[in-house]
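Q: For the sequence shown, this note's numbering gives the first residue as 3, with consecutive numbering after it.
The beta carbon of each residue, even a glycine, is placed where N, CA and C say it ideally should be.
Please see the structure below; I have some questions.
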Amino acid sequence: MTGPVVDVDKAVASLLDSARAASDHAYSPYSEARVGACVLDEDGNIHSGCNVESASYGLTQCAERNALASAISAGMRPGGAHVLLIFASGFEVLSPCGACRQVMSELLPADAVVISCVSDSEYRYWSVSELLPDPFILK
Ligand code: THU
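As structure tokens, this is what we get:
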């Protein structure tokens, strides 16, 4: 049994403020949930996102997918990050939704670590392959 490929405590210490800051930008008038996420790419860049809701509810974009879209938009190649950290205050510890798990499976390596934080001392983490075993991939 091997552990996570990143130092989880260190990742929380270095990324939590960025994810918390992103959550302050949430557009969530319907749920009032404020979620922030950030991706640390292999060049050391942090890419952030927040949840953006829509009056047509199903169009809502989660913070995790927006952070990944931001990373790709800035030039990160798929597989180019090993950490995605989520901050959400209004939840217990948020477990990422199925749509985000699919997108994580495509854009992050299977052994990348997803950390979900309520604070710097309360969090859970998983590998991408734990979140979505046997993902749908077009080959
Ligand atoms: N949300 C996220 O941003 N990430 C998740 O993993 C789950 C849910 C957002 C979407 C919506 O704006 C609100 O939380 C309630 O579902």
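1. Looking at the structure shown, is Leu134 part of a helix, part of a strand, or coil, going by DSSP?
2. With DSSP run on the structure shown, which of helix, strand or coil describes Ser30?
3. Are Arg22 and Ser30 closer than 8 Å when you measure CB to CB?
4. Along the alpha helix (DSSP H) that carries Cys102, what are the first and last residues, could you check?
5. So Gln63 and Asn47 are in contact, right, with Cβ under 8 Å, and what is the actual spacing, rounded?
A: On the basis of the coordinates in this document:
1. Position 132 of the sequence shown, counted from the first residue, corresponds to residue 134. It is coil, neither helix nor strand.
2. Counting from 1 along the sequence shown, the entry for residue 30 is found at position 28. Ser30: coil per DSSP, three-state reduction.
3. Within the sequence shown, numbered from 1, the residue matching residue 22 stands at position 20. Within the sequence shown, numbered from 1, the residue matching residue 30 stands at position 28. Not in contact: Arg22 and Ser30 (Cβ atoms no closer than 8 Å).
4. The residue labelled residue 102 in the question sits at position 100 within the sequence shown. That run of the alpha helix (DSSP H) goes 100-109.
5. As a working note, residue 63 is residue 61 in the sequence shown. As a working note, residue 47 is residue 45 in the sequence shown. With a Cβ gap of about 21 Å, Gln63 and Asn47 do not count as contacting.
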